[in-house]
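Novice:
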Amino acid sequence: MDNIKYITSDEKNNARSIYCMKYVLAIQIFLLLVCRISAQTTFTGNVQNKSGEPVMANVTIQSKGSSIISGFSKSDAKGNYTIIYKGKADSITLTVTGMLIGKHSKTVANRTQRVDFVISEQAMQLKEVRVNAFKIKQTKDTLDYLVGAYTDQSDRVIGDALKKMPGIDVAENGKISYNGREISKFYVENMDLLQGKYGLATNNIPVKAVSIVQVLENHQPVKALRGKLPTNDVAINLRLKDSAKGTLSLMGLAGGGYQPILWNAELTALYFSKKKQNMTIYKGNNSGDNVASEFRTHYDYERVYMPSGSPLHIQMPGTPPIPQKRYMDNRSNAVTTNHLVKPNEDTELTTSILYYDDRIKKEGYSLYEQYLPSNDKLVIEERINSVSHIHNAEVVSRLNVNAKEHYFSNAFNLKANWDNDTGTGRTRSNTDLKDDLITQHLNHPFLSVDNTMNLVKTRRKHTYTIYFSTGYCQKPHTLTVSPVNYWGDTSIKSLSQKLDARDFSSILRLSYGYSIKDFRLNYSLWGRADIRHLDTELTEVKMEGISNNPADSLRNDLWYNTFQAGLFQGYTYDKGNFRVSFNMPLVYYRLTDNDKVPDITSHYDRLLINPSVALKYEYGDFALYTSGKISKSLGDMNSSYTGFIMQGYRSLLRNTADKLFESRSVDASISVSYRNAFKALFANLTANYKHLWKNLLYGYDYLGIMSVKTTIEHPVTSENYGINLSLNKGLNFWSATWKASGNCNWVDGQQLIQNEILDFRSRNYGAGSSLNVSPFSFLSLNYSFFWNWSRSYVAGLSSEFPSIKRTSQTIGINIFPTKAITMNLNIEHQYNNSANERYTTFADAGIKWKNKRIDIELGVNNLFNAKQYISASYSDVSTYCYKYDLRPLSALLKFRFKLK
């Protein structure tokens, strides 16, 4: 009872007062929060450039007239942003900033709404300092090129941007090099969809779909060998924008024009996601576009080589050093589908199917001068028309499992073509002034199939490899020529050269590698078998239509089989920025040569040792590469058959020396390269040397217009020196890129002509430069210049062989009156001092209008209606002068549209 406390009435009143005060305070806090929430304003919007591309930028918000920032946000990869303002001002200011876009502001009412920005990309100025966003960023061995910094309104595909990037060069055939080294891999989102046919990517992936081009130096594609087998290889990877991932893109093109009636059509489907990639493309035209160039394989996986070329050919106009659209009279149709499936992180299954059909017509005149030891010249003039029909089909399938501890690859290739060439021409020479009309026809189909398997397994410091490749090909070819008055027998109506070649090759290699700290040891046991059969027959058809059985001297039935077994030893020391490797392959070589026509069988056994050494040293932004090797090689089937083969209507080939062809060479090279991503400066200087020794000397005897191959047993040496320089610089002003190159090459060797040995010399020098610049937002310019000087001559008679000088200049102007309209003008000027008409000028013009769904483009080619292009060149101690008939003045209207 004593512990019970009684509450008085005053205490009760105080408690009620405290409770009421807490209740009122809670209500006030709630009302304050409601007021604050009601004062919160949300702004959303999108930031993009004038080309409609999303822009990632900083977004700030502040009261109108105030310097205090009240909110901060960023736009995402699609350009979208959201920002909240918590204030009571009647008007607010939204500001978008970025290193590449400058500063852009809008003042709007303080209410929830959408505010979009369409801005012009420009450098942002902060007082006296101009700060630019990075164009090239370097992280260890990876360089990132910001695509937007190298594009303008005229660029359509990613290949247009690659040509402007300092350090990256794109050759006329589409091959890509980085700072003097050809790339070994080309990826799209780190996946090798195209298996070397990366022209499909550079000429068809829209530039707007790519955010960054990555250059991967010292690239080792096999994960299991990273850190174990260093390389100097370079790869390129395209990083796509988020908007281009996981969506199907369908684009089409239809065009028509005149002189002659022209047409152009394209349909492209692109799909890129994390698990699947697909590129399906159809292209067709008769307007001079070389569709086949996109299907050329620029790198290949190690496998048995199945050559598709024919040893037979028809005489046709050569290839001039000008763009193919100037002279190529074509009718092309090509379709390809390339599909990649990635079921898990380490596995890729790639399938590629290609069909290509083309008909190419050429017309031209050639003048051929061959120096003869009697101080005379053989002069041959030809006016030739030719038509080539090309039918090519390929199926390629590749399974690739690329895990950290094991690698498995299996590549299957099936290729077939059924090509034929027809040519007619009038031929005359200083030995026969008659104009002979000669008709030529060549069928040269080809079929090959091969499969290559490669398995790599690593376990701690150990690496085990099994490699097996096998393939088969056949080439049944027939060349027919008529009439053959020049043959020396007027009773012969035509000649028919049949050639059937069948090859089987197989390689097996077992390898073991072991790592000891900075040392790497590699050993391989390997064997190779090549079974080759050549069956030829040169048949004469008499005027009476009778075909006689050919003499033994006009036939070949040759089995040429080689078997090799070897031990490869490789030792590498790799310590930080220094690497040196030494290789010592030992090869036992056995050749069985069974010539069934004369019934002669020969056996040869050789032990070949071909050592090589390579060194790499890096110091800051400099890198030094040097290498050297000594190698010995033996002849092939082309140096062994003894019956005549009519290679072309002016060429007879056979081998007359009863001895195995052997050669030895010493090769050395040194390269110094520099690259500074911050300064966008890239330079490479490379020097090469080669000394070659051969035990046999090949040459030609000339009987009228016929050249007949001869062989004598005479040791011969040749020397080759070469220097190449490239320099690339990205400039901060006017978005400019400057590129320069230079080269020189010297060759000292010997020629066998009319059974007389001549010492010949060849000298060649070249230099070039190009500049891409955008001085104004509405204008871009590009200029290129190339100069070449060449001379080939017989030692002691240099005055008899004048030098050949060539220059070419090209200037391109692109004008952008609005963001929807692009106008362009291109002028090309060519000079050759050895041509009758030394100067040739070409000009093209075009105008394009576009919106988000369609582009309409009108192009006019060869504005000056140049009808012929004339060029001259040297080959050993021969001079060639060509006249090429060009495509006439023409106009082509194209409609390019986006279906999805």
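Quick note: the sequence shown uses the numbering used here, first residue 2, plus one each step. Quick reminder that beta carbons are idealized off the backbone N, C-alpha and C, glycines included. None of these values were measured; they are calculated from a predicted model.
1. Count the other C-beta atoms from every protein chain shown that fall within 10 angstroms of the C-beta of A678, then say buried if there are 16 or more, exposed otherwise.
2. Using beta-carbon positions only, say whether N773 and A737 come within less than 8 Å of one another.
3. Would you report the Cα separation of T42 and I93, rounded to the nearest angstrom?
4. Helix, strand or coil: how does DSSP classify N386 here?
5. With DSSP as the reference, identify every bridge partner of G797, one or two as the case may be.
6. Please return the same chain residues whose Cβ sits closer than 6 Å to the Cβ of S763, not counting the five positions on each side in sequence.
7. Tell me which residue opens and which closes the beta strand (DSSP E) that D243 is part of.
8. So I532 is in the beta strand (DSSP E); what residue range does that whole segment cover?
9. Between which two residues does the alpha helix (DSSP H) holding I184 run?
10. Output the distance between the C-alpha atoms of W419 and M57, rounded to the nearest integer angstrom.
11. Provide the residue span of the beta strand (DSSP E) that contains G160, from first to last.
12. If we cut at 8 Å on Cβ distances, does A110 have a partner in chain D?
13. Are S495 and V305 closer than 8 Å when you measure CB to CB?
14. Quick check on V223: does DSSP put it in helix, strand or coil?
15. Among residues of its own chain, excluding the 5 on either side of K901, which ones have a beta-carbon nearer than 7 Å to its beta-carbon?
16. What number of angstroms, rounded off, separates the C-alpha of G365 from the C-alpha of D433?
17. With DSSP collapsed to three states, give me the class of V56.
18. Figure out for me which residue from L635, F44, Q154, N50 has the closest Cα to the Cα of F73.
19. So, are the CB atoms of S155 and N825 less than 8 Å apart?
20. With DSSP as the reference, label F898 as helix, strand or coil.
21. Buried or exposed: N393, going by 16 or more other Cβ atoms within 10 Å of its Cβ?
22. Going by DSSP, which residues form a beta bridge with I177?
23. One question on the structure: do N584 and P612 come within less than 8 Å of each other, judged by their Cβ atoms?
24. Can you tell me the Cβ-Cβ gap for Y902 and M166, rounded? I've got them flagged as a contact below 8 Å.
25. Using 8 Å as the threshold, is the region 325-345 in touch with the region 353-363, meaning 3 or more CB pairs across them?
26. At the level of alpha carbons, what is the spacing between T711 and N756?
27. Please identify the residue among S742, S603, M280, Y699 whose C-alpha is closest to the C-alpha of N562.
28. Rounding to the nearest angstrom, what Cα-Cα distance links G913 and Q278 in this structure?
29. Compute the Euclidean distance between the alpha carbons of K695 and L341, then round it to the nearest angstrom.
30. Let me know the beta strand (DSSP E) ranges lying completely inside the region 682-758, each 3 residues or longer, listed in chain order.
31. Using DSSP with H/G/I as helix, E/B as strand and the rest coil, what is E295?
32. Within the same chain, show all residues whose beta-carbon is closer than 7 Å to that of N238, passing over the 5 residues directly before and after it, in chain order.
33. Would you mind working out which of K224, L241, K176, I177 sits nearest V208, comparing C-alpha positions?
34. Around the Cβ of S891, are there at least 16 other Cβ atoms within 10 angstroms (buried) or fewer (exposed)?
35. Using a 10 Å radius around the Cβ and a threshold of 16 neighbouring Cβ atoms, would you call I85 buried or exposed?
36. With which residues is F787 paired in a DSSP beta bridge?
Specialist: So, from the listed chains and residues:
1. With 16 or more other Cβ atoms within 10 Å, it is buried.
2. Between N773 and A737, the CB-CB gap stays under 8 Å.
3. The alpha-carbon atoms of T42 and I93 are separated by roughly 10 Å.
4. N386 falls in the strand class under three-state DSSP.
5. Per DSSP, none; premise fails for G797.
6. Within the same chain, S763 has close Cβ partners V748, S793.
7. Secondary structure note for D243: it is in no beta strand (DSSP E), with a DSSP letter that is neither H nor E.
8. Per DSSP, I532 is one residue of the beta strand (DSSP E) stretching across 520-543.
9. Boundaries for I184: no alpha helix (DSSP H) harbours it, and the DSSP string shows neither H nor E there.
10. Going by C-alpha positions, W419 is about 52 Å away from M57.
11. Note, G160: premise wrong, no beta strand (DSSP E); alpha helix (DSSP H) at 159-163.
12. No chain D appears in this structure, which consists of one protein chain only.
13. Cβ distance not < 8 Å, so S495 and V305 don't count as in contact.
14. Three-state DSSP puts V223 in coil, outside helix and strand.
15. Shown here for K901: same chain residues with a beta carbon closer than 7 Å to its own, the five before and five after excluded, namely L249, S250, L251 in chain order.
16. Cα to Cα, G365 sits roughly 21 Å from D433.
17. Annotated three-state conformation of V56 is coil, per DSSP.
18. Nearest C-alpha to F73: F44.
19. Yes, Cβ-Cβ distance for S155 and N825 is below 8 Å.
20. Strand.
21. That one is buried.
22. Answer is V171, bridged to I177.
23. Going by beta carbons, N584 and P612 fall inside the 8 Å limit.
24. Because the chain is modelled from 2 through 901, residue 902 falls outside the range shown and cannot be assessed.
25. Judged by Cβ distances under 8 Å, the region 325-345 makes contact with the region 353-363, as three or more pairs qualify.
26. Computed Cα separation, rounded: 8 Å.
27. Nearest neighbour of N562 by Cα position, chosen from S742, S603, M280, Y699, turns out to be S603.
28. The question about residue 913 has no answer here: the residues shown for the chain are numbered 2 through 901.
29. Going by the C-alpha atoms only, they are around 47 Å apart.
30. Taken in chain order, the unbroken stretches of beta strand (DSSP E) that lie wholly in the region 682-758 and span 3 residues or more are 682-695, 698-704, 707-713, 717-732, 737-754.
31. Three-state result, E295: helix.
32. Listed in chain order, the non-local C-beta contacts of N238 below 7 Å within the same chain comprise Y188, N191, Q215, L217, local neighbours out to five positions each way being set aside.
33. Residue nearest to V208 within the set K224, L241, K176, I177 is L241 (criterion: CA-CA distance).
34. Classified as buried, S891 has 16 or more neighbouring CB atoms from the shown chains inside 10 Å of its CB.
35. With fewer than 16 other Cβ atoms within 10 Å, it is exposed.
36. For F787, which the question treats as bridged, DSSP gives the partners G769, S809.
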